[in-house]
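Peer 1: From first to last, the protein sequence lines stand for chains A and B. Going by our numbering, the first residue of the first sequence is number 18, and it counts up by one from there. Going by our numbering, the first residue of the second sequence is number 3, and it counts up by one from there. Quick reminder that beta carbons are idealized off the backbone N, C-alpha and C, glycines included.
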Amino acid sequence: MLNMPSPSSAVLARRETIASDLRQLLGDDELLITSANELKGYETDGLACYRTVPMLVALAETTEQVAAVLKYCNDNGVPVMARGAGTSLAGGALPQLDTVVLGLSKMNEILDVNTENKTAVVQAGVTNKNISVAVDDLGLFYAPDPSSQIACTIGGNVAMNSGGAHCLKYGVTTNHILGVKFVTMDGEIVEIGGQAYDLPGYDLLGMIVGAEGQLGVVTEVTVRLMDKPEAARPLLAGFDSALDAGACVAAIMATGRTPVAIEFMDRPAILACERFTGAGYPVEAQALLIIEVEGSEAEIAEELAFVEGMARDHGAISLRVAEDFASAENIWKGRKSAFGAIGQISPDYLCMDGTIPVTKLPDVLEQIYAIGARFGFEIANIFHAGDGNMHPLIMYDSHRPGVLDEVEACGAEILKVCVDAGGCITGEHGVGIEKRDHMPLMFSPAELNQMKEIKRQFDPQWLLNGGKVFPLEEDGVPAGQVVPGRAAA
Amino acid sequence: MKAAETGAQAPNSLIFDTPEALASHVAQLDQPIAVQGGGSKAGIGYPVDAAPVSTLGLAGVTYFEPKEFVLGARAGTLITDLQAVLDEHDLILPFEPIALGGEPTLGGVIATNLGGAERESLGAPRDNVLGAQYINGKGELLKAGGRVVKNVSGYDIPRGLSGSWGTLAILTEITIKVLPKARAVAQTGEGLDAVMASPFVWRLSLPRDRAGDIAAAWPGVMAQQWDGALLWLGGEAEALQGRDIHALAAAAGGHALLVQSPLEHRRHNPCFQPLSDGNIALHRLLKRAFDPGGMLNPGRMYEGI
Ligand SMILES: Cc1cc2nc3c(=O)[nH]c(=O)nc-3n(C[C@H](O)[C@H](O)[C@H](O)COP(=O)(O)OP(=O)(O)OC[C@H]3O[C@@H](n4cnc5c(N)ncnc54)[C@H](O)[C@@H]3O)c2cc1C
Ligand SMILES: Cc1cc2nc3c(=O)[nH]c(=O)nc-3n(C[C@H](O)[C@H](O)[C@H](O)COP(=O)(O)OP(=O)(O)OC[C@H]3O[C@@H](n4cnc5c(N)ncnc54)[C@H](O)[C@@H]3O)c2cc1C
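As structure tokens, this is what we get:
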């Protein structure tokens, strides 16, 4: 159970005043949520084992409203946190009792699409998928594709520097953002970047993307669009052992002929997904790879022959290429609903996100299974294998008292294995609260302090999305002001 | 520590053999220093009147895993040396060799982050950086990022330092993604040599839909890259009469860098694109976070930065 900063009683005591001030700033009573019932909708995110009902929720419709709310919170010492769709798996969107949640889901307009520059300007609350949908008939798409893309917002993607299956070829969020409208804690609205490549001066986008919403709030994003490939085709390869599948991934990647995506599922995941979506996964296999290639028909044929050969060489027991568009869609639907499918077979799960060098995949998988067995948890692995970004899902039942502590201890051991293998504690989900206390596995106190110094400069009072990313006692929160987090009821 | 013997270095520049030695030098500074790599881009930015410190002593590959396509090297390693190492494994750098004079270093390429001919398909240098070791203005030797492509553990400092021209930190080691040679790499823009022969050279990154008008109106020599979105404009002082290229670029939604100009001109005129007040304020926050004492390359990019 993670600790959280204890809420400020002074702020809580001013709740009514703060509510009426914010109502006035927003200029529309409907935009401020105060009822206990409605506030409950904002108590958690994709890390549902932690829940705290926030003090208030302000829904912004304009950048000016965002600026007004931030400035107010800054002037009055009120903790505040932006929220997109609340799909963070790291507790990034978990509020505290004294937090004003700044909801951005109403800012969901696509403002401009420029086919010559191949860019789109969208508001922060636009969902990832809707960008690609909006430009589909122009032959373009937005490349980073988190599995949560139907729900998650581009603002959340920017905050977390999100990845996805096709990032193996195309790169992650930070490689596709050309500009943002950025609102600082003191309410300044700053345009950064735009329709041209790269920034004059410092790489502020590099600094803001992946800063987990702790430096400021993004209200508009200029994204780079890519040409849709002529065609794309996934191949399903079933293996007798997870280790064979892991070795196959490492071998494919070592050739430098990078497919667009290589996704991995082990037996518990295959069974759950097949039951949930009927995507036609090989239920007899111990592990499954979804390998997607793209290009012209000739290129696809050549690349498919290559990956099929590699799969066979590594002992694939079944190979199936998607025959048509519908079956390709179905294969991906199975993968993208994988976490939901696990939710059907286990009451709760904790999703880890460590990345390792691909050559270490078989070895690390073996260690993960051993750790799970030692703790007595079943672990399902579903992940972006080509770039070594693992997602072991530790399955558990939260009704058993004390189980969360055991799950977290199990997860911590897995992350340590990833770091020891030359990897990192989070590849795409972010640190949030979940991996906050594991940051010292990767960074010395001085290194963490350099990051915190950036935070301090942007937000000296540490009001914006505090309690995350850095271990608490180092976060300027005195040890005496820390309380246990609130677990799911 | 010893005085540099290498050609491009100022004769009195200090050289260090280890990052630790350089860090302890920085920790003891009471006067600012000028950070130098290969010195190939010494002609960009306001001249920094400070004791030069060279990274050329920090050279050599520190980590190389060809099967992972990952390479780490000290920041002072010459690009040509890296190319030789990679060549043996049929690998190439994710940025193109620079033909324009001098011997650039890996640290210099990342610190300037000027994307080459294939920026559109390969990304800018910063897009290929996985991790870095660096010395901040207080002389602390720190690392950030790592050796894997997918990594969001903490703020993205390696990218934050890219393009900071040595004004935030001294990069001492950099880990990058490298590429299989099979990937064809285009050559530098046609006509660039002619442009570089001019006393004044501007590099403009522009929205593609606005670049054509600027190119058409330019009276001097010109080269284009990035399918038209990057312009190189060369000219005499007269060609510039009355033209504010920074304003021209900004009005089109892009930005310009004066990459070549006489020293006397650079003393009094900005090379880097002037920024809005709000944007410059964010620059100052970063400068304070990394180099609160203003020890590293002060004023090279902007006033106090
Ligand atoms: C089933 C499932 C699958 C997933 N698959 C993937 C995957 O494949 N790859 C991946 O990378 N992630 C994945 N995720 C995680 C999650 O979807 C991403 O982290 C996503 O980017 C979060 O977006 P959101 O809009 O839901 O943000 P939220 O959860 O609302 O917020 C996340 C963080 O971003 C901050 N934030 C949000 N909007 C803004 C803004 N406009 N300005 C500043 N800060 C802001 C918040 O303060 C918070 O700290 C998955 C999640 C689920 C539930
Ligand atoms: C006309 C032109 C064309 C170019 N074309 C390309 C190209 O095609 N591809 C490409 O990749 N690049 C290209 N570049 C980028 C250019 O080559 C880099 O600027 C160069 O690599 C600088 O290296 P250097 O070691 O000579 O740096 P220097 O000239 O020594 O220094 C440049 C700046 O970087 C700082 N710096 C140097 N080393 C460090 C360090 N270790 N830590 C912190 N700061 C440091 C210095 O303080 C200085 O501000 C081009 C540049 C120009 C002007």
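#1: Kindly list, in the order they appear in chain B, the residues whose Cβ is closer than 7 Å to that of L87 (chain A).
#2: For the region 251-287 of chain A, list the alpha helix (DSSP H) runs that are entirely contained and at least 4 residues long, ordered along the chain.
#3: Buried or exposed for R100 (chain A), please, with buried defined as at least 16 other CB atoms from any protein chain shown within 10 angstroms of its CB.
#4: Is there a C-beta anywhere in chain B that falls below 9 Å from the one on C290 (chain A)?
#5: Report the start-end ranges of each beta strand (DSSP E) in the region 169-211 of chain A that is 3 residues or longer and not cut off at the edges.
#6: Taking the continuous alpha helix (DSSP H) assigned at G109 (chain B), which residues delimit it?
#7: Whole angstroms is fine: what's the gap from G41 (chain B)'s alpha carbon to Q262 (chain B)'s?
#8: Pop quiz: E320 (chain A) and A182 (chain A) are said to be a contact at Cβ under 8 Å. What is the actual Cβ separation, rounded to whole angstroms?
#9: When the distance is taken between beta carbons, is V300 (chain A) closer than 9 Å to L288 (chain A)?
#10: Between R161 (chain B) and ligand 2, is the CB less than 8 Å from at least one heavy atom?
#11: Helix, strand or coil: how does DSSP classify G236 (chain B) here?
#12: With the cut-off set at 9 Å, would you say G2 (chain B) and E237 (chain A) are in Cβ contact?
#13: Under DSSP, the beta strand (DSSP E) around E237 (chain A) begins and ends at which residues?
#14: Could you tell me the boundaries of the beta strand (DSSP E) in which Y65 (chain B) lies?
#15: Closer than 6 Å by C-beta to L31 (chain B): which residues in its own chain qualify, once you throw out the five before and the five after it? Chain order, please.
#16: Answer yes or no: does any C-beta atom of chain B fall closer than 9 Å to that of T191 (chain A)?
#17: When DSSP builds the beta bridges, which residues end up paired with C441 (chain A)?
#18: Is any heavy atom in ligand 1 found nearer than 8 Å to the beta carbon of G63 (chain A)?
#19: Looking at ligand 2, does it come within less than 8 Å of V37 (chain B), judged from the CB to the closest heavy atom?
#20: Using 10 angstroms around the beta-carbon of N14 (chain B), count the other beta-carbons present and answer buried if the total reaches 16, otherwise exposed.
#21: Please report the Cβ distance between A77 (chain B) and T64 (chain B), rounded to the nearest whole angstrom; I am assuming they are in contact, meaning their Cβ atoms lie under 8 Å.
#22: When you compare the region 479-486 of chain A with the region 441-453 of chain A, are there three or more beta-carbon pairs, one atom per stretch, that lie closer than 8 Å?
#23: Just the C-alpha distance for W383 (chain B) and A25 (chain B), rounded to the nearest angstrom, thanks.
#24: Which residues does DSSP list as the beta-bridge partners of E311 (chain A)?
#25: Relative to the alpha-carbon of N178 (chain A), which residue among B:Y157, B:S166, B:L163 and B:S164 has its alpha-carbon at the smallest distance?
#26: Just to confirm, are L108 (chain B) and L80 (chain B) a CB contact at a threshold of 9 Å?
#27: For a contact defined as C-beta to C-beta under 9 Å, what are the partners of D215 (chain A) on chain B?
#28: Of all the residues that make up the region 365-380 of chain A, which are near chain B by a beta-carbon distance shorter than 8 Å?
#29: Given a threshold of 16 other Cβ atoms within 10 Å of its Cβ, counted over all protein chains shown, does L421 (chain A) qualify as buried or as exposed?
#30: Which complete beta strand (DSSP E) runs does the region 232-305 of chain B hold, if anything under 3 residues is left out?
#31: Hey, how far is the Cα of L233 (chain B) from the Cα of L208 (chain B)?
#32: Residues in the same chain with beta-carbon distance under 7 Å from T116 (chain A), minus the five sequence neighbours each way, listed in chain order, please.
#33: Can you find a C-beta in chain A that's less than 9 Å from the C-beta of K43 (chain B)?
#34: Does W204 (chain B) come out as helix, strand or coil in the three-state DSSP assignment?
#35: Buried or exposed: which applies to T20 (chain B), given that a residue is buried once 16 or more other Cβ atoms fall within 10 Å of its Cβ?
#36: Quick check: the region 310-324 of chain A against the region 212-228 of chain A, are at least 3 beta-carbon pairs closer than 8 Å?
Peer 2: Once the coordinates are examined:
#1: Chain B residues near L87 (chain A): none, gap ~14 Å exceeds 7 Å.
#2: Complete alpha helix (DSSP H) runs here, min 4: 259-271.
#3: With 16 or more Cβ atoms within 10 Å of its Cβ, R100 (chain A) is classed as buried.
#4: Answer no: the Cβ-Cβ gap between C290 (chain A) and chain B never drops below 9 Å.
#5: Restricted to the region 169-211 of chain A, the beta strand (DSSP E) segments that are unbroken, complete and at least 3 residues in length are 194-200 and 206-210, listed in chain order.
#6: Counting along the chain, G109 (chain B) sits inside the alpha helix (DSSP H) bounded by residues L108 to T114.
#7: Distance from the CA atom of G41 (chain B) to the CA atom of Q262 (chain B), rounded to whole angstroms, is 14 Å.
#8: In fact, because the Cβ distance is near 16 Å, the residues do not count as touching under 8 Å.
#9: Taking a C-beta distance under 9 Å as the contact criterion, L288 (chain A) and V300 (chain A) qualify as a contact pair.
#10: For R161 (chain B), the shortest separation between its Cβ and any heavy atom of ligand 2 does not lie below 8 Å.
#11: Judged by DSSP in its simplified three-state form, G236 (chain B) adopts strand.
#12: Here chain B covers residues 3 to 307 and nothing more, so residue 2 (chain B) does not appear.
#13: Here the beta strand (DSSP E) through E237 (chain A) covers V234 to R241.
#14: Run containing Y65 (chain B): V63 to E67, per the beta strand (DSSP E) assignment.
#15: When the five nearest sequence neighbours on each side are left out, the beta carbons in the same chain lying within less than 6 Å of the beta carbon of L31 (chain B) are those of M297, in order along the chain.
#16: Chain B, which has a Cβ nearer than 9 Å to the Cβ of T191 (chain A), makes this yes.
#17: In the DSSP output, where bridge partners are listed per residue, C441 (chain A) has A:T372.
#18: Answer for G63 (chain A): yes, Cβ within range of ligand 1.
#19: Taking the Cβ of V37 (chain B) as the reference point, at least one heavy atom of ligand 2 falls within a distance shorter than 8 Å.
#20: Flag for N14 (chain B) reads exposed.
#21: Distance from A77 (chain B) to T64 (chain B) at the Cβ level is roughly 10 Å; contact not present, criterion being Cβ atoms closer than 8 Å.
#22: Touching, per the Cβ criterion.
#23: Residue numbering for chain B in the displayed model covers 3 to 307; residue 383 (chain B) lies beyond these limits and cannot be assessed.
#24: DSSP output for E311 (chain A) lists A:A249 as bridge partner(s).
#25: With distances taken between Cα atoms, N178 (chain A) lies closest to B:Y157.
#26: In this structure, the beta-carbon distance from L108 (chain B) to L80 (chain B) falls below 9 Å.
#27: Listed along chain B, the residues sitting closer than 9 Å to D215 (chain A) by beta-carbon distance are N115, L116, G117, R121, A126, R128, G165, S207 and H257.
#28: For the region 365-380 of chain A, which is checked against every Cβ of chain B, the residues closer than 8 Å are T372, I373, P374, V375 and T376.
#29: Burial call: buried.
#30: Counting only runs of 3 or more, we get 232-237 and 257-262.
#31: So the two alpha carbons sit approximately 8 Å from each other.
#32: The residues are P71, M72, P96, V97 and M98.
#33: Interface criterion not met: the Cβ of K43 (chain B) is under 9 Å from no Cβ in chain A.
#34: Taken through DSSP and simplified to helix, strand or coil, W204 (chain B) comes out as strand.
#35: With fewer than 16 other Cβ atoms within 10 Å, it is exposed.
#36: No, they do not touch.
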